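S.K.:
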Amino acid sequence: MEDLQAPTNPNLDLNAACPKDVAPLEIDAQWLSRDSTIVAPELIGCTLVRLMADGTILRGLIVETEAYGPGDPAMHAYRRATARNQVMFGVAGVAYVYLIYGMYHCFNVVTDQPNIPSAVLIRALQIETLPSWLEPQKLQRAAAGPGKLCRAFQIDRTLTAIPLQPGQPLWLEHRHPLFQQQMTEGKLSLTQTTRIGLTQGVELPWRWYLTDCPAVSRKG
DNA sequence: CGCAAGATTTCT
DNA sequence: GAAATCTTGCGT
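Numbering (my numbering), first residue to last: 492 to 711.
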């Protein structure tokens, strides 16, 4: 079983930081056209929105990310461009989705300028509202990990290379002003650590997560 | 063209 | 600790 330990930070109140009644601004390609190690921590607190084929909309607060970039031995495009990774050489703001271990998908946001292969892996979401098919008890950890996140939001390789814009199957929205405010006040904070599951580039501290958030894939 | 390894998850 | 499961890309 997974560790369902409650947050230890009494200030962590995502309902207060992200009230549901105000629509934040969508994130555009220009904002994402920066170094992945800059974008990755700034994406924490932003919202991933999924529009299903049947019109259903799912929303999740991004609570854990990892950066991948040029010169990084863990990056899929480290050696050269291939059919799989070529989307990361293109413009920012499109999806890069790949199959891992034959059974899970990982969702990335392409970042930085064209011809600079880089992306941010979205590793965990705090799902906003309970989908009809999900038991309430499982909501908190239903998107705690890149594979579980894609399973919950029904993201697979057919979505790779799509632009992340409203009306598309996926898009991003900026932090709510109150989330930003609680960051400034120190009530919310980010933790920076090394990335997970790698055999190369292990030492690079390019993973960020919302401190004490129970929806994060793992601590440390 | 064969094959080992993989940005994971879950069960024993 | 190990299985599930299959694509990718490197080495032969």
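Each residue gets a CB set at the ideal place from its N, CA and C atoms; glycine is no exception. Here the structure is a predicted model, which is why all the values come from computation and not from measurement.
With 16 other CB atoms within 10 Å as the buried threshold, where does ILE605 fall?
M.R.: Reading the sequence as shown, one finds Pro at residue 605 and not Ile. Counting Cβ neighbours within 10 Å, PRO605 comes out exposed, since fewer than 16 surround it.
S.K.: I need the boundaries of the alpha helix (DSSP H) containing ASN506, first residue and last residue.
M.R.: 505–508
S.K.: Helix, strand or coil, according to DSSP, for GLY638 in the structure here?
M.R.: helix
S.K.: Do the CB positions of PRO705 and GLN628 come within less than 8 Å of each other?
M.R.: no
S.K.: Can you check whether the CB of SER609 is closer than 8 Å to the CB of GLN677?
M.R.: Sequence check: residue 677 is Gly here, not Gln. It is not a contact, given that the beta carbons lie outside the stated cut-off.
S.K.: What are the uninterrupted segments assigned as alpha helix (DSSP H) that are 4 or more residues long and contained completely in the stretch 629–684, given in chain order?
M.R.: 637–643 and 668–675
S.K.: Under a Cβ-count criterion, where at least 16 other Cβ atoms within 10 Å of its own Cβ denotes burial, should ARG698 be classed as buried or exposed?
M.R.: Under this definition ARG698 is a buried residue.
S.K.: Using only CA atoms, which one of LEU542, LEU661, LEU590 and TYR569 lies nearest to ILE518?
M.R.: Shortest Cα-Cα distance from ILE518 to any of LEU542, LEU661, LEU590 and TYR569 involves LEU661.
S.K.: Run through DSSP, which three-state label would THR573 get?
M.R.: coil
S.K.: Note down the Cα distance separating LEU616 from LEU663, rounded to an integer number of angstroms.
M.R.: Near 12 Å, if we compare the C-alpha coordinates of LEU663 and LEU616.
S.K.: Just the Cα atoms here: how many angstroms apart are ASP647 and GLU533?
M.R.: 24 Å
S.K.: Ignore the nearest five residues each way along the sequence and tell me which others in SER527's own chain have a CB closer than 7 Å to its CB.
M.R.: ALA558, TYR559, GLY560, THR602, ASP603, SER609, ALA610 and VAL611
S.K.: Buried or exposed: where does MET543 fall if 16 or more other Cβ atoms within 10 Å of its Cβ makes it buried?
M.R.: exposed
S.K.: Within 8 Å, do at least three Cβ pairs link the stretch 569–576 to the stretch 634–643?
M.R.: Cβ pair count under 8 Å is below three, so no.
S.K.: Can you say whether ASP512 is buried or exposed, counting buried as having 16 or more other CB atoms within 10 angstroms of its CB?
M.R.: Flag for ASP512 reads exposed.
S.K.: Where LEU461 and ASP504 are concerned, what is the direct C-alpha to C-alpha distance, given to the nearest angstrom?
M.R.: The structure shown has nothing for residue 461, since the chain only spans 492 to 711.
S.K.: Under a Cβ-count criterion, where at least 16 other Cβ atoms within 10 Å of its own Cβ denotes burial, should GLN521 be classed as buried or exposed?
M.R.: The residue is exposed, with fewer than 16 neighbouring Cβ atoms inside 10 Å.
S.K.: Can you name the start and end residues of the alpha helix (DSSP H) that VAL530 belongs to?
M.R.: 527–534
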